[in-house]
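Going by numbering that gives the first Met the number 0, the first residue of the sequence shown is number 0, and it counts up by one from there. The C-beta atom is built at its ideal place from N, Cα and C for all residues, glycine as well. Given the structure is predicted, the values throughout are model-derived calculations rather than measurements.
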Amino acid sequence: MPFRADCVELSDILYYIIAIVLGGRAAMRWLGGKGRTMELQQVIKERFSVRSFSNKPVEEEKIQKILEAAKLCPTAANKQPQVVYVLQSEESIAKINELSPCIYGAKTVFMICYDKDKAWKSPFIEGMDSGYIDTSICCDEMMLTAWDEGLGSCWLLFFNPIETAEAFGLPDNIVPTALLPVGYYADDTEPAPPHSIYRPMEEMVVRL
Ligand SMILES: Cc1cc2nc3c(=O)[nH]c(=O)nc-3n(C[C@H](O)[C@H](O)[C@H](O)COP(=O)(O)O)c2cc1C
Numbered sequence: 000m001p002f003r004a005d006c007v008e009l010s011d012i013l014y015y016i017i018a019i020v021l022g023g024r025a026a027m028r029w030l031g032g033k034g035r036t037m038e039l040q041q042v043i044k045e046r047f048s049v050r051s052f053s054n055k056p057v058e059e060e061k062i063q064k065i066l067e068a069a070k071l072c073p074t075a076a077n078k079q080p081q082v083v084y085v086l087q088s089e090e091s092i093a094k095i096n097e098l099s100p101c102i103y104g105a106k107t108v109f110m111i112c113y114d115k116d117k118a119w120k121s122p123f124i125e126g127m128d129s130g131y132i133d134t135s136i137c138c139d140e141m142m143l144t145a146w147d148e149g150l151g152s153c154w155l156l157f158f159n160p161i162e163t164a165e166a167f168g169l170p171d172n173i174v175p176t177a178l179l180p181v182g183y184y185a186d187d188t189e190p191a192p193p194h195s196i197y198r199p200m201e202e203m204v205v206r207l
């Protein structure tokens, strides 16, 4: 299944010309709504949870792009409490497989955490902080970036965060909120049936 459009669009060529002459931001402003947003729509529509990974190693350059997405994501009050652990050593991959049955053969797993001391604290709801929300945005942007790089991933909540923190010896202030196995997907991978089941828009959207 192709991840990206193979053709070079006129808007892409213009983007690079404007980027060279005016700089990247001006090019992005000019392009708002002129084609590149369609690429994002394509990623959103194509992505599915991958549950069978191949052994092909993920290039470090791609790992860096995914980590850059984690860095750039918005966070409450820009507190940036996210901490991303990259599990790739044999020992770490064996350990994470013991902690979750949902690693699906991935050889790279991001363990997405937040720092309780850094997260924004709600003045309205006692004990509520922005950690899970910030790291969910982070995980989603990492997942979409992975897809854009031709990689599959699967967001995982099926693990015990307390046991996981203990097993990896994380400091007390660091809370694991999601696992994201990432990799090239195996040839036989298909979206699971729930991927195509959506609630009707009328049921999901309420206009007040
Ligand atoms: C917060 C969250 C937790 C999830 N946890 C798991 C999990 O533990 N194991 C798993 O196989 N898939 C997990 N998924 C994947 C969902 O099952 C999947 O996104 C959903 O069925 C829709 O399918 P799709 O991602 O292919 O569109 C999770 C997804 C989200 C957003």
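| query | result |
| --- | --- |
| For Val190, the nearest candidate out of Ala76, Lys44, Asn159 and Pro100 (CA to CA) | First, the residue type needs correcting, since residue 190 is Pro and not Val in the sequence shown. When each option's Cα is compared against that of Pro190, the closest is Lys44. |
| Helix, strand or coil at Thr176 according to DSSP, with G and I counted as helix | strand |
| Proximity winner among Tyr131, Ser135, Ala118 and Gly149, relative to Lys64 (alpha-carbon distances) | Gly149 |
| Closest Cα partner of Cys153 within the set Asp139, Ala166 and Asn159 | Asp139 |
| Buried/exposed call for Gly200, threshold 16 Cβ in 10 Å | First, the residue type needs correcting, since residue 200 is Met and not Gly in the sequence shown. With fewer than 16 other Cβ atoms within 10 Å, it is exposed. |
| Exposure label - Arg50; buried when at least 16 CB within 10 Å | buried |
| Nonlocal neighbours in the same chain, by C-beta distance under 6 Å from Cys72, ignoring five residues either side | Ile136, Cys137 and Glu140 |
| Neighbourhood of Pro1 by C-beta distance below 6 Å, restricted to the same chain and skipping five residues each side | Low per-residue confidence applies at Pro1: pLDDT is 37, beneath 50, and the placement is therefore not dependable enough to give any value. |
| Check: Arg50 C-beta below 7 Å from any heavy atom of ligand 1 | yes |
| Residue burial classification, Phe123 (beta-carbon count within 10 angstroms, cutoff 16) | exposed |
| Own chain residues within Cβ distance below 8 Å of Asn159, not counting five before or after | Leu98 |
| Closer than 7 Å: Trp146 CB and nearest ligand 1 heavy atom | no |
| Between the CA atoms of Leu9 and Ile16 - distance to the nearest angstrom | 11 Å |
| Cβ-based neighbour list, Val204, same chain, cut-off 6 Å, excluding 5 preceding and 5 following | none |
| Candidates Glu125, Gln41, Gly104 and Glu89: closest to Gly182 by CA position | Gly104 |
| The stretch 167 to 174 / the stretch 108 to 126 touching (three or more Cβ pairs under 8 Å) | yes |
| Proximity test, Pro190 beta-carbon vs ligand 1 heavy atom, cut-off 7 Å | yes |
| Proximity below 8 Å, CB of Leu179 to CB of Val82 | no |
| Own chain residues within Cβ distance below 7 Å of Lys120, not counting five before or after | Asp128 |
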